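Working notes for the structure below.
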Amino acid sequence: MDELEIRPFGPINEPYISTDALSEIFHLRLFSHSEQNELLKRNRLFLSAGITACVTSSFYNPLDCLRIRWQTLPSSHELSSRGVLHFTSHIIRNEGIINGLWRPGVMANTLGMGSSAALRFGFYENVRDSFQELSYDYGNTNASGDDDKKGIHMFLAGLTCGAAAYFVTSPLHLIKTQIQVETNGNILRTSLSSKLPSSNGTLSVFNMIIKERGILGLWRGSMPLSARGALFTSGQMLGYDGFKTFCKGNGLMEDGARLHIASSIVAAFGATFLSTPADFVLSKYISSSSRTTLSHCIMAIYKENGIVGFWRGYAIGFVRVCPVMLSYSTIYEQLRHYFGLGYLS
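The numbering used here numbers the first residue of the sequence shown as 7 and each following residue consecutively.
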């Protein structure tokens with residue numbers, strides 16, 4: 007009670023009793039100072055990652071929509087045989103960039119990617135360091151900073167955070183994908199467009215799924231989505247964090263904008279390469295009928311184009327992911343620096 011101080015004639019904006027003293031009197035100290043600092047740091051990490059992802063995902067939604075529409079276009083369709091550039095020009099000529107590529111699913115994509123990124127990046131460093139500590143405890147050695155970070159720690163942390171974050175946000179990704187797939191109804195001239203409300207709104211699709219499939223229907227495809235998110239995040243973190251660590255450890259580049267840009271390109275390659283197969287299977291699964299099983303989609307892809315067929319849309323994926331990574335990583339690092347968290351290390 008040493009901090010109790012009575013100020014009967016003190017300034018009106020000063021408390022008569024300090025907040026620390028009140029906390030001790032009423033036993034209201036829920037968190038220690040270190041726990042409060044950790045919570046503040048976590049909130050700033052969530053904000054840095056979430057805000058950045060919302061901006062970048064909304065800006066680059068046309069590329070994501072193009073990827074989904076291209077992957078779900080039947081290979082037997084005449085537009086499929088003429089290549090993705092012709093397919094893109096066909097959409098722009100007949101539907102316009104806004105209605106054909108940018109508007110479909112932009113709200114659900116922004117919310118889903120913002121929430122997912124906040125969870126993935128908000129917990130990544132702690133999970134990575136926990137794997138690092140576990141490995142050193144098992145080996146009876148001591149960790150000593152950045153030099154002891156291993157690629158396996160980054161890979162496992164990305165795998166864990168990615169799977170958990172994408173599972174939690176699965177409903178938003180499902181809604182986004184369904185809206186984007188539905189826009190191919192005009193090209194395919196099928197009854198696909200009748201499966202979804204004509205408004206293509208996030209809330210209307212949400213209500214439709216609840217009505218037809220129940221609450222659990224929002225998590226349809228959550229397993230392949232979680233696998234895709236785990237592979238994407240592991241490739242991203244291994245490429246970005248791993249390349250940064252390698253360059254700093256060997257004195258090739260200092261931690262700054264130049265290193266962030268180079269690491270983003272490596273991260274885009276790793277994330278796209280690892281996630282494209284799961285991404286393609288997920289798009290096919292969500293766009294198929296409710297009776298189609300995941301194994302059936304995998305076998306159909308393999309029979310149609312072989313093992314290489316699982317990487318259909320890789321080029322579009324890399325073209326989409328690379329500028330997103332460049333934008334995301336540089337903005338995210340600067341926001342971290344602005345909030346006093348320092349660069350990712």
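Idealized CB from N, CA, C, for every residue including glycine. Here the structure is a predicted model, which means the values were calculated and not measured.
Look at the Cβ atom of residue i, then the Cβ atom of residue j, and state whether they are nearer than 7 Å.
i	j	result
ASP211	CYS167	Residue identity differs from the one stated: residue 211 is Val in this sequence, not Asp. No, Cβ-Cβ distance for VAL211 and CYS167 is not below 7 Å.
ALA273	ARG234	no
SER269	LEU231	no
LEU237	LEU209	no
THR62	TYR334	yes
LEU178	ALA114	yes
GLY6	LEU244	In this structure the chain extends from 7 to 351, so residue 6 is not present and cannot be described.
GLY227	THR278	no
PHE161	SER240	yes
ARG342	SER121	no
ILE163	TYR130	It should be pointed out that residue 163 corresponds to Ala in this sequence rather than to Ile. A contact, by the Cβ cut-off of 7 Å.
ILE337	THR58	yes
GLU294	THR78	In the sequence as displayed, the identity of residue 294 is Ser instead of Glu. Cβ atoms of SER294 and THR78: not closer than 7 Å.
LEU224	ILE215	yes
GLY128	LYS182	no
Where does the unbroken alpha helix (DSSP H) through residue i begin, and where does it stop?
i	result
PHE212	208-219
PHE1	Since the first residue of the chain shown is 7 and the last is 351, residue 1 is not available in this structure.
PRO230	228-255
Please state the DSSP three-state secondary structure of residue i.
i	result
GLU310	helix
LEU347	coil
GLU260	coil
PRO80	coil
TYR334	helix
ARG318	coil
THR183	helix
ALA268	helix
ASN132	helix
SER294	coil
GLY89	coil
ASN43	helix
TYR142	helix
ASN380	No answer is possible for residue 380: the residues shown for the chain start at 7 and end at 351.
PRO203	Per-residue confidence for PRO203 stands at a pLDDT of 39, beneath the threshold of 50, marking its modelled position as unreliable; no derived number is given.
THR299	coil
THR94	helix
ASN190	coil
| said: Closer than 8 Å is the cut-off here; do at least three beta carbon pairs connect the segment 249-266 with the segment 43-54? | reply: no
| message | Can you confirm whether the segment 98-114 touches the segment 71-82 when touching is taken to mean that 3 or more C-beta pairs between the two stretches lie within less than 8 Å? | response | yes
| query | For the segment 99-124, which segments carrying the beta strand (DSSP E) assignment without a break, of at least 3 residues, lie completely within its bounds, in sequence order? | reply | none
| query | Are the segment 170-188 and the segment 80-98 touching by the rule of at least three beta carbon pairs closer than 8 Å? | reply | no
| Counting Cβ pairs, one atom from each stretch, are 3 or more of them under 8 Å apart for the segment 298-311 and the segment 49-67? | no
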